[in-house]
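S.K.: Got a structure for you, written out below as structure tokens; questions coming shortly.
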Amino acid sequence: MSWAHYLLQVNIYLVVFFCFYKLLLDKETYFILNRIYLIGSGLLSLTIPFLRFEWLATQPVAQRMYTGVDQLSGFVSQVSIVDQSSEKFNWGNLVVAIYVSGIIFFIIRFIYQLKAVNKMFYNVNSGAAFSFLNRKAIAEDVPEPETIHLHEEIHIKQKHTIDVIFFELLAIFTWFNPIIYAYKYTVKNIHEFLADEAAANFQGDKETYSLLLLSQAFGARPSDLTNGFFTKSLIKKRIFMLHKQRSKKTAMLKYGLFVPLFALTLILSSATIRKNNRLIEVAEHIPLNDIKAAVTETIEPLRILNIEIAPRVYNTNPKIFNTAKNNLISNSNKAWDGFYNFLGNTIKYPKEAMNKQIEGDVRINFKVETGKIQDVNVVGDLGYQTKQEVKQSVLAFTKELPADDGNYSFITAFKLTQLTSKEEAIANEAPNGYNELPKLVVRGYATPAKKEGVIEENIVYSHVSMSSPPSYPGGIQKFYHWLANTIKYPSMATDNRVQGTIYISFTVEKDGTLTDIKADGRKLGYGLEEEATRVVKVSKRWNPGLLNGRPVRVKYNIPIKFAMPNETAKLKLTSSEPYNASLATSIKLKGSNLNQESNPLYIIDGEKQDHLAINNLKPETIESISILKDGSANSLYGIEGKNGVILITTKKESLTK
Numbered sequence: 001m002s003w004a005h006y007l008l009q010v011n012i013y014l015v016v017f018f019c020f021y022k023l024l025l026d027k028e029t030y031f032i033l034n035r036i037y038l039i040g041s042g043l044l045s046l047t048i049p050f051l052r053f054e055w056l057a058t059q060p061v062a063q064r065m066y067t068g069v070d071q072l073s074g075f076v077s078q079v080s081i082v083d084q085s086s087e088k089f090n091w092g093n094l095v096v097a098i099y100v101s102g103i104i105f106f107i108i109r110f111i112y113q114l115k116a117v118n119k120m121f122y123n124v125n126s127g128a129a130f131s132f133l134n135r136k137a138i139a140e141d142v143p144e145p146e147t148i149h150l151h152e153e154i155h156i157k158q159k160h161t162i163d164v165i166f167f168e169l170l171a172i173f174t175w176f177n178p179i180i181y182a183y184k185y186t187v188k189n190i191h192e193f194l195a196d197e198a199a200a201n202f203q204g205d206k207e208t209y210s211l212l213l214l215s216q217a218f219g220a221r222p223s224d225l226t227n228g229f230f231t232k233s234l235i236k237k238r239i240f241m242l243h244k245q246r247s248k249k250t251a252m253l254k255y256g257l258f259v260p261l262f263a264l265t266l267i268l269s270s271a272t273i274r275k276n277n278r279l280i281e282v283a284e285h286i287p288l289n290d291i292k293a294a295v296t297e298t299i300e301p302l303r304i305l306n307i308e309i310a311p312r313v314y315n316t317n318p319k320i321f322n323t324a325k326n327n328l329i330s331n332s333n334k335a336w337d338g339f340y341n342f343l344g345n346t347i348k349y350p351k352e353a354m355n356k357q358i359e360g361d362v363r364i365n366f367k368v369e370t371g372k373i374q375d376v377n378v379v380g381d382l383g384y385q386t387k388q389e390v391k392q393s394v395l396a397f398t399k400e401l402p403a404d405d406g407n408y409s410f411i412t413a414f415k416l417t418q419l420t421s422k423e424e425a426i427a428n429e430a431p432n433g434y435n436e437l438p439k440l441v442v443r444g445y446a447t448p449a450k451k452e453g454v455i456e457e458n459i460v461y462s463h464v465s466m467s468s469p470p471s472y473p474g475g476i477q478k479f480y481h482w483l484a485n486t487i488k489y490p491s492m493a494t495d496n497r498v499q500g501t502i503y504i505s506f507t508v509e510k511d512g513t514l515t516d517i518k519a520d521g522r523k524l525g526y527g528l529e530e531e532a533t534r535v536v537k538v539s540k541r542w543n544p545g546l547l548n549g550r551p552v553r554v555k556y557n558i559p560i561k562f563a564m565p566n567e568t569a570k571l572k573l574t575s576s577e578p579y580n581a582s583l584a585t586s587i588k589l590k591g592s593n594l595n596q597e598s599n600p601l602y603i604i605d606g607e608k609q610d611h612l613a614i615n616n617l618k619p620e621t622i623e624s625i626s627i628l629k630d631g632s633a634n635s636l637y638g639i640e641g642k643n644g645v646i647l648i649t650t651k652k653e654s655l656t657k
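Numbering (full-length UniProt numbering), first residue to last: 1 to 657.
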């Protein structure tokens, strides 16, 4: 059970318990029992998620657990290094950042309140009366001091401050739940009702005591943590409850029968709430188990591009621009500001161009007629989607331009910050009859290019850059068999019926050993990550990957899916499936369905193939299989890779046959 899952359950129980209180107990005058109920509700809400009642169900003597590789590909996925900028924004991380910020705020607020209460005892205001823990402070000028002293003594003897602190601490971690503030308000009301009841009996006259409350009705309690005698917001309700007819003894049935029955029902139904798929799905998207990583990812820049408009300085060198033929736009003309602001927020530095370190200028020519842009033409294509990016952005500007009709031209300069580009092109001058507009600079950031043929010793390579990827002794199929037969389902996970996919990453070193073995992504807990990493650590040495004939380090990522027995289905392939059944005869997949509406893109030895072509492949002829997903598939193969790409490399000897 993750922290997010636990937190959601706690808040559900808090809401249910309080709704029961408002429906049946709120109007009763058994204040002590109401206090016990509210405190018990908070404690039970924190405890119930940990209770397990699976022993009520019949369990088989032995259960066979299956563990296998995730169904998406049926193969080990080799990681392709992808820029973080290509990933979608993670709203779960944003929720975590907001939640943690709220906790920090309320912790600071609580500490400040404690310090403020301590100072109040050294500087008691006129007419003030309050208590905190075992201390009380009553101003000398209060009316009926004996009655007020007794009132505050009741707060101290009955430990009312403990209740207040308990709900303040609970509210720090459930600050987003409005019900917790209703708990705090209701508990403080009950404290005052209890103290008023004792003080009124001491004075002997409820009417006189009510007048005492009204005499200071415009006072203010100095702190939310103290129990104050004069509290303006509670005066009316305190007087009402003071004169209210006491509840009949039959109302005790609610406390003696309905409350225990209600609590027992909640406890017995806790398993259903805990296993609710919708609740689990929501919790999975809130990575509270790794707060540091979630907050870090949220505050990191969401874009690596910085698009800026260059200063409006024009080169009037006649060797470049023929001022007799080209009419330069004046610096004072603001008609184009909206157009440039739009392009600055729209044009992106193509990722492939950044990776290839392509810099240069492209010229855009277009016509403005009745405020609309027409006949857009791009001159000086740098390749790598730069031309398409600029043209599409200009065409996307649909607002009316407050500019004169005519022909216009401007340069878009693609520049990489602090890098020397591999290739640069300079746009030609504007054509005759075109008005020259200011240059637009699109600036990107990229890592320095590696020199061809040079292998850096400590670099972890992607499989796409290698001539020969790493392989498991005996082939990939043997690795699948070994995984399925070695991994054991942790007993802690089976007891709690925890299941899901674990992503294990590791690096195949130059000598074939596996290092940097760890579980990535969301953690399921209950020993699943530990078991998966344990098995990978005892794997045989792999055959290292080769680049230019030399061994290099390569990173792999293995998805391993854990599923309970009643949700386990064996792999079944028909003639319509994209895989040959002989490739995965012993691999067991959990709760998955291979009847997908769309197939991935298959690349066999560098050539695109129909998904049926894989049926003709023999397992012994396959040297390696790699999976590309999401950003890496789209960046390399465009829209054809939207469903993923499966790269298959056959053994060289099989090609010669």
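Think of the CB as a built atom: it goes at the ideal place given N, C-alpha and C, for glycine as much as any other residue.
#1: Take every Cβ of the stretch 370–379, pair it with every Cβ of the stretch 400–411, and state whether three or more of those distances are shorter than 8 angstroms.
#2: CB-CB under 7 angstroms to Leu-33, same chain, minus the five flanking residues each way: which ones, in chain order?
#3: Can you list, in chain order, the residues of its chain whose CB lies under 6 angstroms from that of Ser-575, leaving out five sequence neighbours each side?
#4: Could you please give the first and the last residue of the uninterrupted beta strand (DSSP E) stretch that includes Arg-443?
#5: Tell me the residue span of the alpha helix (DSSP H) that contains Gly-42.
#6: From Leu-170 to Ser-41, what does the alpha carbon distance come to, in whole angstroms?
#7: Drop a sphere of 10 angstroms on the beta-carbon of Ala-493, count the other beta-carbons inside from all chains shown, and report buried for 16 or more, exposed for fewer.
#8: Along the beta strand (DSSP E) that carries Ser-505, what are the first and last residues, could you check?
#9: Among Ile-487, Pro-473, Thr-486, Val-441, which residue has its Cα nearest to the Cα of Lys-540?
#10: Output the distance between the C-alpha atoms of Asn-543 and Asn-485, rounded to the nearest integer angstrom.
#11: Leu-547 and Ile-603: beta carbons closer than 8 angstroms?
#12: What's the gap between the Cα of Pro-578 and the Cα of Thr-650?
#13: Look at the alpha carbon of Asn-125 and the alpha carbon of Phe-110, and state the distance between them as a whole number of angstroms.
#14: Drop a sphere of 10 angstroms on the beta-carbon of Tyr-21, count the other beta-carbons inside from all chains shown, and report buried for 16 or more, exposed for fewer.
#15: Identify, in the order they occur along the chain, each residue of the same chain with its Cβ nearer than 6 angstroms to the Cβ of Phe-106, setting aside the five sequence neighbours on each side.
#16: Would you call the CB atoms of Pro-559 and Tyr-489 closer than 8 angstroms?
#17: For the stretch 94–104 against the stretch 146–166, are there 3 or more C-beta pairs whose distance is under 8 angstroms?
#18: When the Cα of Thr-29 is compared with those of Ala-251, Phe-202, Gly-338, which residue comes out closest?
#19: Tell me whether Phe-121 is buried or exposed, calling it buried when 16 or more other Cβ atoms sit within 10 Å of its Cβ.
#20: Starting from Val-338, trace the alpha helix (DSSP H) both ways and give me its first and last residue.
#21: What residues are listed by DSSP as bridge partners for Ser-626?
#22: At a cut of 8 angstroms, does the stretch 11–27 reach the stretch 190–206 through at least three beta carbon pairs?
#23: Does Phe-121 come out as helix, strand or coil in the three-state DSSP assignment?
#24: What does the alpha-carbon distance come out to for the pair Phe-17 and Tyr-181?
#25: Please name the residue in Tyr-434, Leu-440, Ser-393, Pro-402 whose C-alpha comes closest to that of Phe-414.
#26: If you draw a straight line from the C-alpha of Ser-131 to the C-alpha of Ile-239, how long is it?
#27: For Gly-500 versus Phe-562, is the C-beta spacing smaller than 8 angstroms?
#28: In the DSSP assignment, find the unbroken alpha helix (DSSP H) run with Ser-491 in it and report its ends.
#29: With a 10 Å radius around its C-beta and 16 neighbouring C-beta atoms as the bar for buried, classify Asn-123 as buried or exposed.
#30: Is the separation between the beta-carbon of Ile-12 and that of Phe-166 shorter than 8 angstroms?
#31: If you reduce the DSSP assignment to three classes, tell me which class Glu-146 lands in.
#32: For Gln-477, count neighbouring Cβ atoms within 10 angstroms of its own Cβ and tell me buried if that reaches 16, exposed if not.
#33: How close, in whole Å, do the beta carbons of Phe-397 and Ile-373 come, if the pair is a contact with beta carbons under 8 angstroms?
#34: Buried or exposed, going by whether 16 or more other CB atoms sit within 10 Å of the CB of Gln-388?
#35: Under the DSSP definition of a beta bridge, which residues are partnered with Gly-545?
#36: Apply the 10 Å Cβ neighbour rule to Arg-363 and answer buried if 16 or more other Cβ atoms are within range, or exposed otherwise.
M.R.: Looking at the atomic coordinates:
#1: Counting Cβ pairs under 8 angstroms, three or more are found: they touch.
#2: Tyr-255
#3: The predicted model places Ser-575 with a pLDDT of 30, which falls under 50 and marks its position as unreliable, so this point remains unresolved.
#4: 440–444
#5: Counting along the chain, the unbroken alpha helix (DSSP H) around Gly-42 starts and ends at 31–47.
#6: 12 angstroms
#7: buried
#8: Run containing Ser-505: 500–508, per the beta strand (DSSP E) assignment.
#9: Pro-473
#10: 21 angstroms
#11: no
#12: Low confidence applies to Pro-578: its pLDDT is 35, below 50, so where it sits in the model is not reliable, and the reading given next is rough at best. Taking the straight line from one Cα to the other gives about 17 angstroms.
#13: 22 angstroms
#14: buried
#15: Ile-172, Trp-175
#16: no
#17: no
#18: Ala-251
#19: exposed
#20: Val is not the amino acid found at residue 338; the sequence shown has Gly there. Gly-338 -> alpha helix (DSSP H) spans 337–346.
#21: Leu-647
#22: Short answer: they don't touch.
#23: Of the three classes helix, strand and coil, the one that applies to Phe-121 here is coil, per DSSP.
#24: 14 angstroms
#25: Leu-440
#26: Each residue's alpha carbon lies about 21 angstroms from the other.
#27: yes
#28: Taken as a continuous stretch (DSSP letters only), the alpha helix (DSSP H) holding Ser-491 covers 491–495.
#29: exposed
#30: no
#31: helix
#32: buried
#33: 6 angstroms
#34: exposed
#35: In the DSSP assignment, Gly-545 forms a beta bridge with Val-552.
#36: buried
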